[in-house]
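Right, one structure below, let's go through it.
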Amino acid sequence: MIFSFKYIDIQKDSIIVSTQKEIAQRQKDLAQKKKYFDYVNSLAYKDKVIKTSQNKKNP
668 MIFSFKYIDI QKDSIIVSTQ KEIAQRQKDL AQKKKYFDYV NSLAYKDKVI KTSQNKKNP
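The opening position of the sequence shown corresponds to residue 668 in our numbering, with each subsequent residue numbered one higher.
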């Protein structure tokens, strides 16, 4: 009986740890995506894209 309770506790702990790792990874991914979207929405990026589409050299 005690063994089964200990086993359940270990399972819960492993689920909690894996969930925390997944949350940390998702937060990291979201931060990277936010950084990318901030760059894509910047004026410098838009200017670069416009100049490229008009076949002009971008300094």
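The beta carbon of each residue, even a glycine, is placed where N, CA and C say it ideally should be.
*What span of residues does the alpha helix (DSSP H) with Q687 cover, start to end?*
I669 to V707
*Alpha-carbon spacing of I683 relative to I669, whole angstroms*: 21 Å
*Have a look at S709 and T686 and give me their C-alpha separation to the nearest angstrom.*
34 Å
*In whole angstroms, what separates the C-alpha of A698 from that of F704?*
10 Å
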